[in-house]
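Under full-length UniProt numbering, the residue at position 70 of the sequence shown is numbered 70, and the numbers go up by one with no gaps.
A short worksheet on the structure shown next.
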Amino acid sequence: MLPKSIAHHIQEVHHNNLSDFLLKGNLLIEKVESILNSYFQQLSNLEKAIIFELAINRNPVSLLELEHNIIIEPDGKRGASHLCNL
Numbered sequence: 001m002l003p004k005s006i007a008h009h010i011q012e013v014h015h016n017n018l019s020d021f022l023l024k025g026n027l028l029i030e031k032v033e034s035i036l037n038s039y040f041q042q043l044s045n046l047e048k049a050i051i052f053e054l055a056i057n058r059n060p061v062s063l064l065e066l067e068h069n070i071i072i073e074p075d076g077k078r079g080a081s082h083l084c085n086l
């Protein structure tokens, strides 16, 4: 939903000119960053680790690779259950 809102804003306000948006859209970018940060802060540590792993991988990654790279929480929950929550 958020990406669609940003795209709509760029279309309507900046007439599909991405360069113009990037030059003048700092307030909107700050709002988006604030919203995403608040969502991120509500995630569990494991969910944050999953997001981090997905962000640093430049290629598609399998669930098995994610589970291999992420430490399992003491409660024994694996990445698959948290991945569904994201």
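Glycine included, C-beta positions come from ideal geometry on N, C-alpha and C.
Give me, in chain order, the residues of the same chain whose beta-carbon lies closer than 8 Å to that of glutamate 53; leave out the 5 immediate sequence neighbours on both sides. Counted from its first residue, the sequence shown places residue 53 at position 53. Result list for glutamate 53: Val61, Leu66, Asn69 and Ile70, in chain order.
For alanine 49, count neighbouring C-beta atoms within 10 Å of its own C-beta (all shown protein chains included) and say buried if the count is 16 or more, exposed if not. Taking the first residue of the sequence shown as 1, we reach residue 49 at position 49. Burial call: buried.
Just confirm the distance between the C-beta atoms of leucine 43 and isoleucine 51, as a whole number of angstroms; I'd bet it's less than 8 Å. Working through the sequence shown from its first residue, we reach residue 43 at position 43. Working through the sequence shown from its first residue, we reach residue 51 at position 51. Taking a contact as a CB-CB distance under 8 Å, the pair leucine 43 and isoleucine 51 counts as one, their CB atoms being some 7 Å apart.
Limits of the unbroken alpha helix (DSSP H) element including serine 62: Against the sequence shown, residue 62 aligns to sequence position 62. Serine 62 -> no alpha helix (DSSP H), and no H or E assigned at all.
Mapping DSSP to helix, strand and coil, what is leucine 43? Residue numbering aside, residue 43 sits at position 43 when the sequence shown is read from its first letter. Correct three-state label for leucine 43: coil.
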